[in-house]
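Trainee:
Numbering (the UniProt record's numbering), first residue to last: 1 to 755.
(1) Using CA atoms only, rank isn't needed, just tell me which of 521, 542 and 522 is closest to residue 530.
(2) Would residue 648 and residue 615 qualify as a contact pair, given that the criterion is a beta-carbon distance under 8 Å?
(3) Under a three-way DSSP split, which group does residue 623 fall into?
(4) Using a Cβ-Cβ cutoff of less than 6 Å, which residues in the same chain neighbour residue 262 once the five nearest sequence positions on both sides are dropped?
(5) Determine the direct distance from the alpha carbon of residue 221 to that of residue 630, and round the result to whole angstroms.
(6) Measuring only the C-alpha atoms, how far is residue 642 from residue 590?
(7) Could you compute how far the alpha carbon of residue 663 sits from the alpha carbon of residue 714?
(8) Counting C-beta neighbours from all protein chains within 10 Å, is the total for residue 128 16 or more, i.e. buried, or is it exposed?
(9) If you drop the 5 nearest sequence neighbours on each side, which residues of the same chain put their C-beta closer than 8 Å to that of residue 740?
(10) Along the chain, where does the alpha helix (DSSP H) containing residue 34 start, and where does it finish?
(11) What's the C-alpha gap between residue 202 and residue 49?
(12) Taking 7 Å as the limit between beta carbons, can you name the residues of its chain near residue 420, skipping five residues before and five after?
(13) What is the C-beta distance between residue 689 and residue 671, in whole angstroms, given that I count them as a contact (C-beta under 8 Å)?
(14) When the Cα of residue 244 is compared with those of 259, 211, 265 and 217, which residue comes out closest?
(15) Here's the rule I'm using: 16 or more other beta-carbon atoms within 10 Å means buried, otherwise exposed. How should residue 483 be labelled?
(16) Taking 7 Å as the line, does the beta carbon of residue 500 fall inside it for any heavy atom of the ligand GDP?
(17) Within 10 angstroms of the Cβ of residue 358, are there 16 or more other Cβ atoms? Answer buried if so, exposed if not.
(18) The alpha helix (DSSP H) spanning residue 597 covers which residue range?
(19) Tell me, to the nearest whole angstrom, how far the beta carbon of residue 593 is from that of residue 556; I am working on the premise that it is less than 8 Å.
(20) The alpha helix (DSSP H) with residue 679 in it runs from where to where?
(21) Within its chain, find whatever has a CB closer than 6 Å to the CB of residue 432; leave out the 5 residues flanking it on each side and keep chain order.
(22) Output the distance between the C-alpha atoms of residue 157 and residue 99, rounded to the nearest integer angstrom.
(23) Smallest Cα separation from residue 698: which of 322, 327, 480 and 384?
(24) Note the first and the last residue of the continuous alpha helix (DSSP H) segment covering residue 209.
(25) Going straight from the alpha carbon of residue 253 to that of residue 266, what length do you get?
(26) Can you tell me whether residue 395 is buried or exposed? The criterion is at least 16 other CB atoms within 10 Å of its CB, across all chains shown.
(27) May I have the straight-line CA-CA distance separating residue 217 from residue 513, to the nearest angstrom?
(28) Compute the beta-carbon to beta-carbon distance between residue 322 and residue 336, rounded to the nearest angstrom, for a pair I have assumed lies under 8 Å.
(29) Going by Cα to Cα distance, which pick from 553, 349 and 733 is closest to residue 719?
(30) Would you identify the three-state DSSP class for residue 571, choosing helix, strand or coil?
(31) Which residue wins for smallest C-alpha separation from residue 163, given the options 227, 78, 518 and 268?
(32) Let me check understanding here. Comparing Cα to Cα, which of 632, 487, 67 and 687 lies closest to residue 473?
(33) Here's the rule I'm using: 16 or more other beta-carbon atoms within 10 Å means buried, otherwise exposed. How should residue 365 be labelled?
(34) Check for me: the alpha helix (DSSP H) holding residue 471 runs from which residue to which?
(35) Looking only at its chain, what residues have a beta carbon closer than 6 Å to the beta carbon of residue 638, apart from the 5 residues adjacent to it on each side?
(36) Give the range of the alpha helix (DSSP H) segment to which residue 757 is assigned.
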C-alpha cells in the first residue's frame, strides 16, 4: 500500500519518505492543481462575460501555470487578479466552499469536470492543452484509493488555511505600517512578479511533466540568458531535490553538469557528466531510440563530452586520452557524425601544440559532405580566426565569412550568425579599422534587439554579445567618451554577473580602461594597483601593463628586463600584435635613455612585422615612432615626409590619445623644419604648427591627459614668444604653470618622447 500510494500521491506523504520512483506516472493531483481546475471551471462559466483583453491575459497566464511547479495560493490569486480581478474572487469563493465543506463537495467537483467535454460544442476540446490537463487530472483522481482521496482533501484544507493565515498576518501588518512603507512593500512584491517559476522553491517532488518543463526552461536560460536562470547554488539545490526522489533522472544530471560548469567546478561537473551517461545507459533511453546502437552511442558521446570538459579546463593530456577513446568507439560503430565532432576537437587540442590548418580544412570538407552545417560553419570560423592571426588579407577573410553566413541563413543558425558578426568585429579591431568594427558591433546589437526566443528571453546574453559590447566600451573609451563606456560596462555587469561564465571578458576590459585613464591622468600608483587584477585575467596583458607603469615611473632597467622576457614569450606563442607593442615600448625606453640610434632597428623590426601581418594601425603607429626618431636625429624634413604616409589611418581610426600625439609630432617637425626657412615662410610654418597644437590640445583634453597637455602648452608658449604674441604666450604660460604644479617633472626633460 505504501508503495502504491507513493506512486500516485507523493506530496501527501506525512513522513516525506519516497519508496518508489516518483515518475511512475506523469502527473498527480495536488491542491495547487485543484486550484487551477477551479480556475478553468470558472473561466468556462464566465466565458461570455469576459472582455477580449482579459481573456487574452488569462490565456497567456494559463500555460506557465499548467507547466510550472506548484505555488502558494496567495501568489496564484495575485497572478489571476492582475489579469481579471472578478475571476480571482470567484476562484477564492469556490475553493473556500470546497475546503470548508465536506469530502463529497470535492467528489462532486471532479464528477462535474467531465461535463466540460460533453455536448456538440464542448467548452474544452479533448486534444487541447487545457483538455489534456483536465483529462490527466481526472484520470489521476480516479486512480486514488479512499485513503488517498482523504489525504488530498486534508491537504487542500491546509493549503487554503495557510493562505487565510497569511492574509490575516498581512492585514495586521498593514495596520502597523504607515502608507509610504506599504506602498514601497507592494512595489517590491510587484517587482518580484508572480510568474517567475524559476524562483519558486519546490517543497515536494515534481511530477514528470513539471520536472521536464523545469529542466528545459533552466537549460534554455543557461544557454541564452544566464542572469534569468536560478543562481548556481539555488539551481543545484533544486536538482538535488529532484535527484533525491529519482536518482536515475538522466536529464537532471546533465543540467547539474551545466550548472557546475558555470562556477568552474571540475570535480562536480565531471561527476555529473559521468552520472548522466551512466543513467542514460541504465534507463535504456538510448536503446529505445537507437536500437542496438544505443549503448555504444552513449559510450562514444560520453568519451567525447569528457574530452570537451577536460579541454575546457586546460587538462589537455586527459582530453587527448578521452578523445582517442571516442574515436576508437566511433570507428568501430562506423559513426561518421561522431567522428566529425572528434575531428573538430582534435584540431582544438593540436592547436595548443602547433598551428595546422590541414585538420581543420579536412573537417570542414567532411562536415559539408555529411550534411553537418553547424560543424562546417564553426570550422570556417576557426579557419578565418587562425588566418587572421597569420596576417591574411582582410578581403579574403571577409569572403570566407560571407560563405559561412550563407550557410547560417540557409539553415537558420541564428547563434552562428551572432558568432560570425562578433568575429568580424574582432578582426576589424585587430587590423585597426575601428570604424568598421563599430559598424559590425552595431549590426549585432540591432539584430539581437529584434530576435526573441523562448520564455520571453532575448538571445542577447551569449558570448558573442559580451564580446561585441566589450569592444564597444573600449572604442568609446578610446574616443574619450568615458561616461558612455561606463554605461556600457554597467550594462555588461547587469547582463553578465560576476559568477557567470562570460564575466571575465568585461572584467578585463573594465580593468584595462581604468588603467589607461589612470596612466593618462598621471596617477601611476592607481595604475599599478590595477595591474594585479589584469594579470589575474590575462597574464600577458598584465606583464605588459606592469612594464608601462615601471617606464612611467622612470624605472628603466626593470621595465627593460620585463619587456625582454615578455618579448621572448610572445614570439614563442606567436602573439604578433603583442610582439609589436612590446618592440615599440622597448624603442621608447631607448629614447628616454638617449640611445636614439639603437631604437631605429627595433622600430624597423616592428614595422616589418606589422606590414607582414596586415596590422595597418600598428604599422601607422610604428611609422609615427620612426618619424619621431628622425626628428630627434636631426632630419625633420624626412620625418615630415613619412608622417604624411601614416597620419591618415591614425586620424581616421585611431584613439584620441594617438591622434593628439600625431598632431603634436607634426607640429614639432614643422617647427624643426622652419629653422632653415626664410623669415616669412618661417612665420607661416610656426602659425601652422600652433594650429596643429590647438588640435592636439583638444584631443588630449578629451582623455584628460595632463602630462601631454603640459607639454603642448609649454611648446605653444615658446612659439607665441617667438612670434611676439605676448598675451597668448602669458595665457599658455599660466596654464602650463598650473599643470606643472599638479604634475611636477620627475627629472625628465619635458619634450623627449613621442607619447
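Don't be surprised by glycine CBs; every beta carbon is placed ideally from N, CA and C.
Mentor: Once the coordinates are examined:
(1) When each option's Cα is compared against that of residue 530, the closest is 542.
(2) No, the Cβ-Cβ distance between residue 648 and residue 615 is not below 8 Å.
(3) Here DSSP, grouped into helix, strand and coil, assigns residue 623 to helix.
(4) 232 and 501, listed in sequence order.
(5) Within the model, the alpha-carbon separation for residue 630 versus residue 221 is close to 58 Å.
(6) The straight-line gap from Cα to Cα measures roughly 21 Å.
(7) So the alpha carbons of these two residues sit roughly 15 Å apart.
(8) It is exposed - the Cβ of residue 128 has fewer than 16 other Cβ atoms within 10 Å.
(9) Residues of the same chain with a CB within less than 8 Å of the CB of residue 740, apart from the 5 flanking positions on each side, are 710 in chain order.
(10) Taken as a continuous stretch (DSSP letters only), the alpha helix (DSSP H) holding residue 34 covers 31 to 45.
(11) In this prediction, residue 202 has a pLDDT of 39, which is less than 50 and means its spatial position is unreliable; nothing more can be read from the coordinates.
(12) For residue 420, where only same-chain residues beyond five positions count, the Cβ hits under 7 Å are 381, 401, 404, 405 and 408.
(13) Yes, they are in contact, since the Cβ atoms of residue 689 and residue 671 sit about 5 Å apart, within 8 Å.
(14) Minimum Cα-Cα distance from residue 244 among the listed residues 259, 211, 265 and 217 corresponds to 211.
(15) Counting C-beta atoms within 10 angstroms of its own C-beta, residue 483 has fewer than 16 neighbours from the protein chains shown and is therefore classed as exposed.
(16) Here there are no bound small molecules, and the ligand GDP is not part of this structure.
(17) Using a 10 angstroms sphere on the CB of residue 358, the tally of other CB atoms stays under 16, which defines it as exposed.
(18) Taken as a continuous stretch (DSSP letters only), the alpha helix (DSSP H) holding residue 597 covers 596 to 612.
(19) The Cβ separation is near 6 Å, so the contact holds.
(20) First-last of the alpha helix (DSSP H) with residue 679: 679 to 702.
(21) The answer, listed in chain order, is 616, 617 and 653.
(22) Taking the CA atoms as reference points, residue 157 sits about 5 Å from residue 99.
(23) Closest by C-alpha distance to residue 698, out of 322, 327, 480 and 384, is 480.
(24) Boundaries of the alpha helix (DSSP H) around residue 209: 208 to 224.
(25) The straight-line gap from Cα to Cα measures roughly 15 Å.
(26) That one is exposed.
(27) Cα to Cα, the separation comes out at about 37 Å.
(28) Incorrect: roughly 20 Å between the Cβ atoms, too far for contact.
(29) When each option's Cα is compared against that of residue 719, the closest is 733.
(30) DSSP places residue 571 within a helical segment (H, G or I) once states are collapsed to three.
(31) Ranking 227, 78, 518 and 268 by Cα distance to residue 163 puts 78 first.
(32) Comparing Cα positions, the closest option is 487.
(33) Using a 10 angstroms sphere on the CB of residue 365, the tally of other CB atoms stays under 16, which defines it as exposed.
(34) Annotation: the continuous alpha helix (DSSP H) that includes residue 471 extends over 463 to 478.
(35) Contacts found: 630.
(36) This structure cannot settle anything about residue 757, because the visible part of the chain is limited to 1 through 755.
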